[in-house]
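These protein sequences, in sequence, are chains A and B. Everything in the first sequence is counted per numbering that gives the first Met the number 0, starting at 0 for the first residue and increasing by one. Everything in the second sequence is counted per numbering that gives the first Met the number 0, starting at 0 for the first residue and increasing by one. Backbone N, C-alpha and C fix where the C-beta goes; we use that ideal spot for every residue, glycine too. A quick note: this is a predicted structure, and the numbers were derived from the prediction, not measured. Structure, as structure tokens:
Number of protein chains: 2
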Amino acid sequence: MGSLDTNPMSSALPNDKAAFEPLNFFAFFPSTNSAAAIAGDLIASAMNTVGFTWQASPAATEMEVLALDWLAQLLRLPTTFMNRTNTGRGTGGGVILGTTSEAMLVTLVAARDAALRRTGSVGVSDIPRLTVYAADQTHSTFFKACRLAGFDPANIRSIPTGSETSYGLDPAKLLEVMQADADAGLVTTYVCATVHVDAAYAGSACICPEFRHHLDGVERVDSISMSPHKWLLTCLDCTCLYVRDAHRLSDSLETNPEYLKNDATDSGEVTDLKDMQVGVGRRFRGLKLWMVMRTYGTAKLQEHIRSDVAIAKMFEDFVRADDRFEVVVPRNFALVCFRIKASGAMTEKDADEVNRVLMENLNKTGKAYLAHTVVGDKFVLRFAVVAARGETCRFQDARPKPLGHSVFPTSC
Amino acid sequence: MGSLDTNPMSSALPNDKAAFEPLNFFAFFPSTNSAAAIAGDLIASAMNTVGFTWQASPAATEMEVLALDWLAQLLRLPTTFMNRTNTGRGTGGGVILGTTSEAMLVTLVAARDAALRRTGSVGVSDIPRLTVYAADQTHSTFFKACRLAGFDPANIRSIPTGSETSYGLDPAKLLEVMQADADAGLVTTYVCATVHVDAAYAGSACICPEFRHHLDGVERVDSISMSPHKWLLTCLDCTCLYVRDAHRLSDSLETNPEYLKNDATDSGEVTDLKDMQVGVGRRFRGLKLWMVMRTYGTAKLQEHIRSDVAIAKMFEDFVRADDRFEVVVPRNFALVCFRIKASGAMTEKDADEVNRVLMENLNKTGKAYLAHTVVGDKFVLRFAVVAARGETCRFQDARPKPLGHSVFPTSC
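Take a look at the structure:
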């Protein structure tokens, strides 16, 4: 084997330094972290537990399930999404996955298989008839997950949004498109027969009562996912998926080879987390989420969200106070979408170019790093507050609580 | 929110202790670990890098790609599977995924889409005609990955194996089944049009020259995956997927939303690892693999494999020396599949029961933990050597080398 003459580290590092300097990176959604999460991940790495079945690691399974139930309490999710309620084990439950894409993929596959059963499809012969729906502002990974699950690209409906609904999904438009599909003999499968809520980023904010209304109606959906690795001080990767009926997932995802058969599974009393995810093997991700929640408690976690939102609001106020700029999409959380306005002889197209140059020049300074997107045909700058990024000692005064509490602590 | 009265930790822990005591756990394939991997993972957790595009983290991308190329050198994979060769950037490459299932899923999806293009399918209308093939000894997760990708369960061919081929795939049988499918108008898609080698466990052994022949012919396959988290001292999760033509993956997995557009991607000179995996976000897994290889070097890693194989051979010799037992499948690596033989008035069915009782009683002692499987209708005990499990200080004397080498060091 010959010698490789590349030395990528030296050339790549200077660029990286700018991109990940914590205090001036506003480009993508936050990827927050904390000492508790890092400690939890360290222990998980050292233990190297592989909790695919309950039997393979009862403690890892129970701890993940407990952390998920705590988070469900914090988000005030209906108990139907919880693994354990006051009245015992329900039909719902949760699982920690790597990314939102995986949550979308497994729920899409479950919805696909349920739709095929409903239509009486011979094998997968009806797959070309299945349709799925999402707003045109939905993350591109949704469309990728649909393709992975075998949906026809032509049947993935991107519902147009506009400023009149603040770029949110318009139920009337959705219904219209779905009705047209049903009339054409297609099978509406996802959003409809199965409704999934992607709250990857904003879900974290819903731990604060003043933002919880964004989840109103969640009791009527089949599944919801949110990613503590985005905004809840938990390092990558940690996406929490909750479903109302765990059997709808395991019907599609269960494997039961001879070498994994065991009494605990046969009893039906335990959760085998492998049956709610893509693969079999799995990292013990529950530990870091448990550590974050146990260490900081409701009050500190809410304070962290509110602090980021306050900084974003301050930035939004700066933008609004300056006539040269406009806020393009009303700010809900800690993301401000803004741009230089077209004014005077400047066309919208000119304004797009001016905004692009502004972003490029700003990013070149190394003093700040922004990203852009296109909303309603406009080139828009994104300012996402990530104040906790890298601030691993932010909550270092918080004291861990003793083990054994099953109710999530409301303060430190 | 009511109080939850479960206290899972106290009831679950005693069971767990038995299952994960390092020195007497022989049930599943090893999940080996090392101080270098834990340190690498710790740094990755603390940095919390999200290298979805090269631009988002050039150093994380380059380091992952470098670690993959080193491992490819160690496995003596053809340069067509490497990201960078003496003559520059090739068409092949690698990516680190979470599990083998993900490697199977993304290559299945790429093969599916290529087959649909070949047949001139309108959208996914030809999906019901696509067929895939694997030996009946293939891990159950393969069949799950096929279902996830939308293949018809009736078109997933499980080729029977027997003791005459040591339970390996019989090419003559495979060809026969494929020919029958082609004659019936079906489209042979995977194993055939795309050949993927799953070397999740055994791949690690192929770093030793005496085992490398198990990869003979790899230059003719399209993809190969192996999991350093199984047997190469790298904690979960770390599965390396190598492909000969990275475009066949990215054709199916690429996303290119406005907010991720950047000059580096446009140049075509860099790898955006998001286009070779299920999701977008990703943990910096390359660091721990880099640390393991940099710290231990070829000689120590080979010594680790050989030591486990020697222990398994010793156990196999014990079994063979005892007339009451038989070795059911010839041992290749560090897994011994054995059982109590049917003898005297004992039927094969009786022997199955006797073996089951032996395993259950052994597992109850807490002194050893075995798993079982069924091979050729026989209930068989599995003894998998995991000597390195938990031995995080095994190679603590090895000294890290200075940064900057691009050729993988052949010894410490």
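- A distance of 9 angstroms or more separates the beta carbons of residue 54/B and residue 274/B.
- Against chain B, the CB of residue 382/A has no partner CB under 9 angstroms away; the residue lies outside that interface.
- In this structure the segment 246–258 of chain B does not lie against the segment 289–297 of chain B, because fewer than three pairs of beta carbons, one per stretch, are closer than 8 angstroms.
- Taking a beta-carbon distance threshold of 9 angstroms, residue 299/B does not count as an interface residue toward chain A.
- Your pair residue 344/B and residue 311/B does not check out as a contact, with CB atoms roughly 32 angstroms apart and the cut at 8 angstroms.
- Using a Cβ-Cβ cut-off of 9 angstroms, residue 195/B does not count as an interface residue toward chain A, since no Cβ of chain A sits closer than that to its own.
- For residue 176/B, none of the residues of chain A pass the 9 angstroms Cβ criterion, the least Cβ distance being about 18 angstroms.
- At least one beta carbon of chain A lies nearer than 9 angstroms to the beta carbon of residue 121/B.
- 114/B is the residue among 114/B, 383/B, 318/B and 376/B whose C-alpha sits nearest the C-alpha of residue 186/B.
- In chain order, 187 place their CB closer than 8 angstroms to the CB of residue 181/B, counting only its own chain and leaving out the 5 sequence neighbours on each side.
- With at least 16 other beta carbons inside 10 angstroms of its own, residue 327/A counts as buried.
- Against chain B, a Cβ distance below 7 angstroms from residue 149/A picks out 123, 126, 148 and 149.
- In this structure, residue 97/B lies near residue 282/A, with their beta-carbon atoms less than 9 angstroms apart.
- For residue 256/A, the closest Cβ of chain B is nearer than 9 angstroms.
- Assigned with DSSP and collapsed to three states, residue 130/B falls in strand.
- 82/A is the residue among 349/A, 82/A and 152/A whose C-alpha sits nearest the C-alpha of residue 60/A.
- Taken through DSSP and simplified to helix, strand or coil, residue 359/A comes out as helix.
- Residues of the segment 352–366 of chain A with a C-beta atom less than 8 angstroms from some C-beta of chain B do not occur.
- Going by beta carbons, residue 211/A and residue 128/A fall outside the 9 angstroms limit.
- The alpha carbon of residue 368/A has as its nearest neighbour, out of 383/A, 34/A and 111/A, the alpha carbon of 383/A.
- Listed along chain A is no residue with a C-beta nearer than 7 angstroms to that of residue 207/B; the closest approach is about 16 angstroms.
- For residue 299/B, DSSP assigns no beta-bridge partner whatsoever.
- A check of alpha carbon separations from residue 381/B across 365/B, 246/B, 330/B and 287/B identifies 330/B as the nearest.
- A direct Cα-Cα distance of roughly 28 angstroms separates residue 145/A from residue 50/A.
- With a cutoff of 9 angstroms on beta-carbon distance, residue 166/A and residue 134/A are scored as near each other.
- Under the Cβ criterion of 9 angstroms, residue 37/B is counted among the residues facing chain A.
- Not a single C-beta of chain A is nearer than 9 angstroms to the C-beta of residue 201/B.
- Apart from the 5 residues on each side of it in sequence, residue 184/A sits with its Cβ closer than 8 angstroms to the Cβ of 128 in its chain, given in chain order.
- Note that the C-beta distance between residue 378/A and residue 319/A is not below 9 angstroms.
- Chain A places a beta carbon closer than 9 angstroms to that of residue 281/B, counting this residue as a contact.
- With fewer than 16 other Cβ atoms inside 10 Å of its own Cβ, residue 174/A counts as exposed.
- Taking residue 203/A as the centre and dropping the five residues before and after it, the same chain places the C-beta of 225, 227, 229, 230, 231 and 304 closer than 7 angstroms to its C-beta, in chain order.
- For the alpha helix (DSSP H) assignment, the uninterrupted runs of no fewer than 4 residues enclosed by the segment 49–136 of chain B are, from N- to C-terminal side, 57–73 and 99–118.
- Remark: C-beta atoms of residue 108/A and residue 249/A do not approach each other more closely than 9 angstroms.
- Within the segment 47–78 of chain B, those residues whose Cβ lies closer than 8 angstroms to any Cβ of chain A are, in chain order, 47, 48, 49, 54, 55, 56, 57, 58, 59, 60, 61, 62, 64, 65, 68, 72 and 75.
- Cβ-Cβ separation between residue 47/A and residue 30/B: approximately 5 angstroms, consistent with a contact (criterion under 8 angstroms).
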